[in-house]
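*Asks:* Residue numbers (the working numbering), protein chains in the order written: chain A, 168 to 431; chain B, 98 to 424; chain C, 220 to 496.
Ideal placement from N, C-alpha and C gives every residue a C-beta, glycine not left out.
So that we are looking at the same thing, I have put the structure below in structure tokens.
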Amino acid sequence: MAERSLGVRRALGIHLALVFAFLYIPIAVLAALSFNEGGLPTAWTGFSTKWYTALLGNAEILGAAWNTLFVGLVSTLIATVLGTSLALGIETRARKGGAIEALVFAPMIIPDIVLAIALLSFFSLLNVPMGLHTIIVSHVVFNLAFVSAVVRARLKTFDWSVTEASRDLGGGAVITFRRVTLPLILPAVIAGALLAFTLSVDEFIIAFFTAGAGRDSTTLPMQIYAMIRFGVTPEVNALAVVVILVSVAAVTLAHRLNRGIVAP
Amino acid sequence: MSALLNIEGVTKRFGTVIALDRLTLDIRENEFFALLGASGSGKTTLLRMLAGFEVPEEGAIRLDGADISQVPPNRRPVNLMFQSYALFPHMTVHGNISYGLEMERLPKSEINARVGEILETTELAALAGRKPDQLSGGQKQRVALARALVKRPRLLLLDEPLSALDKKLRAAMQLELKRLQHEVGITFIVVTHDQEEALVMADRIAILRDGRIEQVGTPHELYEAPSSRYAADFIGLMNFIDEGGRTLAIRPERIAVFPSSADRTVAGRVVARAYHGLDLMLHVQTPIAPLALVVRVTADAADRRPVAEGDVVTLGWNAADVRTFAN
Amino acid sequence: MAPALAWLTALMVVPCALILALGFFRRGTYGGIEYSFTLENFALLFDPLYAGIFLTSARVAGIATAIAVVIGYGAAYAITAAPRNRQPMLLFLAVLPFWSNYLIRTYAWIVLLNREGLVTQGLRMFGYEGEPPSLLYTEGAVIAGLVYNYMPFVILACYAPLSRLNPELAEASRDLGAGAFTTFRRVILPVTLHGVAAGAVFVFVLSIGNFITPALLGGGKFQMIGNLVYAQFLTANDWPFGAALSMALIAIMMVLLTVQARATERGSGQARGAADG
Numbered sequence: 168m169a170e171r172s173l174g175v176r177r178a179l180g181i182h183l184a185l186v187f188a189f190l191y192i193p194i195a196v197l198a199a200l201s202f203n204e205g206g207l208p209t210a211w212t213g214f215s216t217k218w219y220t221a222l223l224g225n226a227e228i229l230g231a232a233w234n235t236l237f238v239g240l241v242s243t244l245i246a247t248v249l250g251t252s253l254a255l256g257i258e259t260r261a262r263k264g265g266a267i268e269a270l271v272f273a274p275m276i277i278p279d280i281v282l283a284i285a286l287l288s289f290f291s292l293l294n295v296p297m298g299l300h301t302i303i304v305s306h307v308v309f310n311l312a313f314v315s316a317v318v319r320a321r322l323k324t325f326d327w328s329v330t331e332a333s334r335d336l337g338g339g340a341v342i343t344f345r346r347v348t349l350p351l352i353l354p355a356v357i358a359g360a361l362l363a364f365t366l367s368v369d370e371f372i373i374a375f376f377t378a379g380a381g382r383d384s385t386t387l388p389m390q391i392y393a394m395i396r397f398g399v400t401p402e403v404n405a406l407a408v409v410v411i412l413v414s415v416a417a418v419t420l421a422h423r424l425n426r427g428i429v430a431p
Numbered sequence: 098m099s100a101l102l103n104i105e106g107v108t109k110r111f112g113t114v115i116a117l118d119r120l121t122l123d124i125r126e127n128e129f130f131a132l133l134g135a136s137g138s139g140k141t142t143l144l145r146m147l148a149g150f151e152v153p154e155e156g157a158i159r160l161d162g163a164d165i166s167q168v169p170p171n172r173r174p175v176n177l178m179f180q181s182y183a184l185f186p187h188m189t190v191h192g193n194i195s196y197g198l199e200m201e202r203l204p205k206s207e208i209n210a211r212v213g214e215i216l217e218t219t220e221l222a223a224l225a226g227r228k229p230d231q232l233s234g235g236q237k238q239r240v241a242l243a244r245a246l247v248k249r250p251r252l253l254l255l256d257e258p259l260s261a262l263d264k265k266l267r268a269a270m271q272l273e274l275k276r277l278q279h280e281v282g283i284t285f286i287v288v289t290h291d292q293e294e295a296l297v298m299a300d301r302i303a304i305l306r307d308g309r310i311e312q313v314g315t316p317h318e319l320y321e322a323p324s325s326r327y328a329a330d331f332i333g334l335m336n337f338i339d340e341g342g343r344t345l346a347i348r349p350e351r352i353a354v355f356p357s358s359a360d361r362t363v364a365g366r367v368v369a370r371a372y373h374g375l376d377l378m379l380h381v382q383t384p385i386a387p388l389a390l391v392v393r394v395t396a397d398a399a400d401r402r403p404v405a406e407g408d409v410v411t412l413g414w415n416a417a418d419v420r421t422f423a424n
Numbered sequence: 220m221a222p223a224l225a226w227l228t229a230l231m232v233v234p235c236a237l238i239l240a241l242g243f244f245r246r247g248t249y250g251g252i253e254y255s256f257t258l259e260n261f262a263l264l265f266d267p268l269y270a271g272i273f274l275t276s277a278r279v280a281g282i283a284t285a286i287a288v289v290i291g292y293g294a295a296y297a298i299t300a301a302p303r304n305r306q307p308m309l310l311f312l313a314v315l316p317f318w319s320n321y322l323i324r325t326y327a328w329i330v331l332l333n334r335e336g337l338v339t340q341g342l343r344m345f346g347y348e349g350e351p352p353s354l355l356y357t358e359g360a361v362i363a364g365l366v367y368n369y370m371p372f373v374i375l376a377c378y379a380p381l382s383r384l385n386p387e388l389a390e391a392s393r394d395l396g397a398g399a400f401t402t403f404r405r406v407i408l409p410v411t412l413h414g415v416a417a418g419a420v421f422v423f424v425l426s427i428g429n430f431i432t433p434a435l436l437g438g439g440k441f442q443m444i445g446n447l448v449y450a451q452f453l454t455a456n457d458w459p460f461g462a463a464l465s466m467a468l469i470a471i472m473m474v475l476l477t478v479q480a481r482a483t484e485r486g487s488g489q490a491r492g493a494a495d496g
């Protein structure tokens with residue numbers, strides 16, 4: 168733009184470069200460290216993939232990974248169905264209620280520690296035995312809010328006359344949804360599901376409080392927290408890189424499917 | 098009249114595209130001047146250059162004799178009325194108008210007096226406390242104008258000033274702008290792609306084409322004596338007849354139907370008729386041009402001798418009314 | 220949509236209401252809850268010890284928010300200055316780290332700030348020979364972690380109004396005689412302020428209720444409200460007081476969101492329809 172002088176533009180460019188350095192250097196350091204033979208940040212002792220191999224032999228980590236995947240998939244599945252129906256419900260209503268808006272927005276802003284202890288109190292007062300199933304139903308709370316937000320963003324630009332055209336051509340409500348509406352909003356639904364899966368796989372506090380006492384409901388973030396808190400082993404670096412790669416892959420795919428959802 | 102603004106050999110490229118090509122133009126004091134051209138003709142680039150948002154690569158822009166081509170926009174006695182109006186949405190009408198005077202660090206009393214004065218001139222006094230999103234299109238346009246005029250610039254630039262208004266309001270505002278220009282006595286340069294607008298408002302018009310001036314003149318000169326086929330085509334309706342390596346151009350109102358006397362006549366068949374206000378437009382297919390010739394007939398004449406679609410008519414015109422361009 | 224609303228009601232509204240109710244009961248002698256009404260838990264919030272923790276949390280969250288807003292606004296502004304076709308990619312890259320595991324991102328800072336961590340290593344490389352600086356387990360480390368984790372929010376929130384900003388507004392300001400700085404202060408910043416407000420409220424709310432960052436980067440001694448809540452439920456076993464603390468967090472959040480909503484309403488770009496012509 169013409170009104171920005173060269174000096175200002177150069178300063179902005181430098182600022183942005185520094186911000187990207189700030190955002191990515193810590194992650195890059197972790198990644199480099201995960202390949203350090205010695206495993207310690209104090210000295211580079213040579214390239215090695217032994218920490219990744221060690222991960223594969225660690226039964227605790229593999230068990231936690233399996234739990235995480237299970238929780239992520241099931242909660243995402245439920246949240247995708249519920250969140251999509253919620254989005255369609257809200258967007259097709261003539262009058263949008265403030266109460267519903269607040270209800271749907273709340274899970275995204277409530278401090279997770281508060282939601283976590285609320286759910287813990289709720290389950291324990293009702294004497295619900297806690298485990299992976301309680302983590303799943305708890306994750307659905309914020310995941311469904313997320314899916315519905317993504318799908319609603321898509322529906323804001325949805326041309327509803329195509330559904331009327333389908334009805335006019337003889338399609339019933341179900342056929343119209345299955346053959347017209349759903350295919351059109353599917354990229355947003357899948358993008359929402361991918362983001363929900365990412366959130367669930369990375370979520371720590373709510374899982375931590377609603378997992379119950381047993382070790383067999385430990386998820387990966389809980390495992391990582393324990394590893395960081397009580398003695399860092401170099402394996403955690405390799406694990407961190409794997410977890411980050413999974414998130415980045417899911418988010419990139421979501422972004423590809425539905426531009427403007429990850430970063431509007 | 099002396100030249101207030103002197104644009105000399107100005108060139109500007111964007112990448113490989115040449116926006117202005119050694120353009121030279123003089124604009125006089127107190128003139129209402131229109132830069133007319135299609136999109137991509139360079140008219141907007143020229144306007145932004147006069148405002149200071151673009152710098153010429155070659156050539157000079159002299160205002161009152163001093164070269165201003167390197168002076169930043171905030172130090173020029175030139176103001177621009179933006180096409181989008183660019184009203185500050187967080188300020189009231191009064192705040193928008195006083196902004197430019199505050200930049201001159203004038204005393205508060207003087208600022209208020211001058212803002213009050215321009216609010217009266219532009220009939221905005223009752224709206225002074227409103228924010229831009231509480232104004233209609235026409236009101237916004239007047240605020241944008243007042244905001245630029247209150248600075249009493251040597252030169253006021255207007256970028257497609259009426260394009261955001263509906264047709265009816267546009268016609269009223271054309272006359273309003275002309276009245277205001279007389280009242281404040283400031284030189285106006287208006288950029289437009291609408292030839293009708295330019296003809297109504299401007300004292301003189303420059304037709305721009307591919308970064309060069311195609312023709313400069315009064316509206317009457319441009320209409321009656323276009324210097325090129327492009328200029329002839331751009332202003333008003335024109336019939337073109339390609340003949341022996343030349344192009345003949347003649348206005349629809351200069352063609353007579355069943356003429357009593359004419360330098361040249363041709364027979365043709367009426368293929369369409371359309372009413373344009375009081376006049377009737379006949380489209381007549383003739384052997385001398387691939388496109389039907391357009392003929393303007395007054396309603397009176399049409400009543401005297403009715404012509405229907407499919408009728409064969411004789412058209413005629415005088416040699417003095419024909420412009421000839423070499424191909 | 221009914222099943223979704225039922226789900227949110229059963230697993231968010233009811234549990235939160237339960238927490239609110241819990242705040243009005245007494246703590247049992249051996250942990251647990253004694254079901255008799257009291258306001259003691261809310262009174263305890265104003266005890267100097269706990270009020271102090273609230274103030275510390277507010278200070279840390281406030282500083283982190285201020286830093287994140289200044290840096291993030293600048294970054295968003297820089298992205299809008301880049302060529303249009305590269306902006307989506309830059310924005311995506313700015314937000315991508317935010318989508319990776321929060322714990323891991325925080326852990327990365329332990330690696331950087333440790334006694335023999337990367338920062339110390341860096342200083343050594345430049346000939347530093349003294350004691351390693353104590354960077355980890357400080358308030359500064361917590362602030363750095365919060366800024367690092369939440370700045371993408373600010374970039375996202377500020378980019379939206381900045382990219383929609385009509386470039387002719389800045390040009391109009393220059394044309395009317397304002398310099399670059401005045402144009403920024405009087406036109407660009409006010410017009411995009413609602414984005415700043417939205418980003419700031421998000422960062423502040425998420426920071427003041429944060430648990431992981433103070434726990435990992437602040438060390439054992441450093442406490443914020445989130446850690447206090449955690450302790451009431453998992454170690455001190457005083458659920459009613461933990462519930463009262465949570466309600467205080469929710470109250471702060473609601474007040475800020477209301478203020479921000481008002482600011483946005485009054486802010487620019489909210490077409491209220493043209494008035495009579």
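When you compare only the Cα positions, how much space is there between R426/A and G336/C?
*Replies:* 38 Å
*Asks:* Can you name the residues that DSSP bridges to F272/A?
*Replies:* None, per the DSSP bridge assignment.
*Asks:* Excluding the five sequence neighbours on either side, which residues of its own chain have a C-beta within less than 6 Å of the C-beta of L255/B, listed in chain order?
*Replies:* M178, V287
*Asks:* Let me know the secondary structure DSSP gives T421/B once reduced to three states.
*Replies:* strand
*Asks:* So what's E204/A in DSSP terms, helix, strand or just coil?
*Replies:* coil
*Asks:* State the DSSP-derived secondary structure class of G139/B, mapped to helix, strand or coil.
*Replies:* coil
*Asks:* F441/C and V361/C - do their beta-carbons sit closer together than 8 Å?
*Replies:* yes
*Asks:* Please confirm whether F129/B and A299/B have their CB atoms less than 8 Å apart.
*Replies:* yes
*Asks:* Over what stretch of residues does the beta strand (DSSP E) that includes V381/B continue unbroken?
*Replies:* 376-382
*Asks:* Looking at the structure shown, is Y372/B part of a helix, part of a strand, or coil, going by DSSP?
*Replies:* Note: Y372/B maps to strand in three-state DSSP.
*Asks:* Measure from the C-beta of Y219/A to each C-beta in chain C and report whether the shortest distance is under 8 Å.
*Replies:* no
*Asks:* Given that a residue counts as buried once 16 or more other Cβ atoms are within 10 Å of its Cβ, and exposed if not, what is P350/A?
*Replies:* exposed
*Asks:* Got a sec, what are the start and stop residues for the beta strand (DSSP E) R334/A sits in?
*Replies:* Unbroken run through R334/A is the alpha helix (DSSP H), 328-335; no beta strand (DSSP E).
*Asks:* Taking C-beta pairs closer than 9 Å, name the residues in chain C that I302/A reaches, listed in chain order.
*Replies:* Those within 9 Å of I302/A in chain C number zero; the least Cβ separation is about 12 Å.
*Asks:* For a quick check, are the C-beta atoms of A434/C and V406/C less than 8 Å apart?
*Replies:* no
*Asks:* Just confirm the distance between the C-beta atoms of I374/C and A295/C, as a whole number of angstroms; I'd bet it's less than 8 Å.
*Replies:* 5 Å
*Asks:* Output the distance between the C-alpha atoms of Q306/C and I280/A, rounded to the nearest integer angstrom.
*Replies:* 35 Å
*Asks:* Per DSSP, M344/C forms a beta bridge with which residues?
*Replies:* Residue pairing by DSSP places M344/C opposite no residue, since no beta bridge is assigned to it.
*Asks:* Which value, in whole angstroms, describes the spacing of the CA atoms of T330/A and M308/C?
*Replies:* When rounded, the distance between both Cα atoms is 34 Å.
*Asks:* Please tell me whether L319/B and G365/B are closer than 8 Å, where the distance is taken between their beta carbons.
*Replies:* Against a cut-off of 8 Å, the Cβ pair of G365/B and L319/B comes out as no contact.
*Asks:* Look up V413/A in the DSSP assignment and give the residues it is bridged to.
*Replies:* For V413/A, which the question treats as bridged, DSSP gives no partner whatsoever.
*Asks:* Rounded to whole angstroms, what's the CA-CA distance from A438/B to I332/B? Just pull it up for me.
*Replies:* Absent from the structure is residue 438/B, since the part of chain B shown begins at 98 and ends at 424.
*Asks:* Between L384/C and G197/B, which are expected to be in contact by the criterion C-beta below 8 Å, what is the C-beta distance as a whole number of angstroms?
*Replies:* Actually they are not in contact, since the Cβ atoms of L384/C and G197/B sit about 20 Å apart, beyond 8 Å.
*Asks:* For T243/A, collect the residues of the same chain with a Cβ closer than 7 Å to its Cβ; drop the 5 residues on either side in sequence, then sort them by chain order.
*Replies:* N310, A360, A363, F364, S367
*Asks:* Under 8 Å Cβ-Cβ, which residues of chain A neighbour S255/C?
*Replies:* Those do not exist, as S255/C stays about 16 Å from chain A at its closest Cβ, beyond 8 Å.
*Asks:* Tell me whether the beta-carbon of D118/B lies closer than 8 Å to the beta-carbon of R326/B.
*Replies:* Not a contact, by the Cβ cut-off of 8 Å.
*Asks:* How many Å lie between F272/A and L240/A at the Cα?
*Replies:* 23 Å
*Asks:* Taking just the CA atoms, how far does E268/A sit from L230/C?
*Replies:* If I take the Cα positions, the gap works out to 17 Å.
*Asks:* May I ask you to report which of helix, strand or coil DSSP gives V392/B?
*Replies:* It is a strand residue.
*Asks:* Buried or exposed for L253/B, going by 16 or more other Cβ atoms inside 10 Å?
*Replies:* buried
*Asks:* What's the gap between the Cα of L388/B and the Cα of Q382/B?
*Replies:* 7 Å
*Asks:* Taking only runs of the beta strand (DSSP E) that begin and end inside the stretch 331-410 of chain A, which ones reach a length of at least 3 residues, in chain order?
*Replies:* none
*Asks:* First and last residue of the alpha helix (DSSP H) that includes I282/C?
*Replies:* 267-300
*Asks:* Along the stretch 125-155 of chain B, what residues have a CB closer than 7 Å to any CB found in chain C?
*Replies:* A148, F150
*Asks:* Would T189/B pass as a contact of R244/B if the rule is Cβ separation under 8 Å?
*Replies:* Contact annotation: T189/B and R244/B have beta-carbon atoms that are not nearer than 8 Å.
*Asks:* Check distances from the C-beta atoms of the stretch 368-400 of chain C to those of chain B and list, in chain order, the residues that come in under 7 Å.
*Replies:* N385, E387, L388, E390, A391, R393, D394, L395, G396, A397, G398
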